[in-house]
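Okay, structure first, notes after.
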Amino acid sequence: MDKKQKTKKYQKYILSTFLLICLPALFIITFHPNLIIAKSITAFIMVMAIILVILSLKLVQLFYEDITDKNGPVIIPKVYGIGVTVNPFNIYGKIIWFFIILLLICILIKIVFTPI
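First residue of the sequence shown? That's 0 in numbering that gives the first Met the number 0, and the numbers climb one at a time after it.
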């Protein structure tokens, strides 16, 4: 699979994940307000956010697979668009990505195990 096909594949994954994140808005509109439903929707949003961050990491690794310099800068310019991103091949960049995912997982665990 060439790079263009991989890019299309990951763009489809990110789009579908974004749509799944927007799905709870429909639940909020259609269901009567309830604490259990609100907690479930929040947990669902956190799961989708974790998936989105992991897919974002994989997409960045895909775009920068030619540049696997472990001594490269931590912050690198984005491939397309305006802005910067964290280098997933730098050791500090890996730590940053890991802590972002770990933080989201900890928040999800707190949401799930907090009594209503």
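Idealized CB from N, CA, C, for every residue including glycine.
Indicate whether residue i and residue j have their beta-carbon atoms separated by less than 8 Å.
i: isoleucine 66; j: leucine 103; result: no
i: leucine 56; j: tyrosine 9; result: no
i: threonine 41; j: isoleucine 99; result: no
i: valine 59; j: threonine 84; result: yes
Can you say whether residue i is buried or exposed, counting buried as having 16 or more other CB atoms within 10 angstroms of its CB?
i: isoleucine 75; result: buried
i: valine 131; result: Because residue 131 is not part of the residues shown, which for the chain are 0 to 115, the question remains open.
i: asparagine 86; result: buried
i: glycine 80; result: exposed
i: glycine 82; result: exposed
Assuming residue i and residue j form a contact by the criterion Cβ under 8 Å, report the distance between their Cβ atoms to the nearest whole angstrom.
i: leucine 34; j: isoleucine 108; result: No, leucine 34 and isoleucine 108 are not in contact; Cβ-Cβ is about 19 Å, not under 8 Å.
i: phenylalanine 88; j: glycine 71; result: 7 Å
Thinking C-alpha only, which one of the options is nearest residue i?
i: isoleucine 90; options: Val52, Val83, Tyr63 and Asp68; result: Asp68
i: leucine 51; options: Tyr12, Ile106 and Thr6; result: Tyr12
i: lysine 2; options: Ile94, Lys38 and Glu64; result: Glu64
i: lysine 5; options: Gly92, Leu54, Phe112 and Thr113; result: Leu54
i: cysteine 21; options: Phe43, Thr113 and Ile36; result: Phe43
i: isoleucine 106; options: Lys38, Ala24, Pro23 and Lys7; result: Lys38
So that I know if they touch, is there some Cβ in chain B lying closer than 8 Å to that of residue i?
i: glutamine 10; result: Within the model displayed, chain B is absent; a lone protein chain is all it includes.
Below 8 Å, how does it come out for the region 12-22 and the region 36-49: are there three or more Cβ pairs, yes or no? yes
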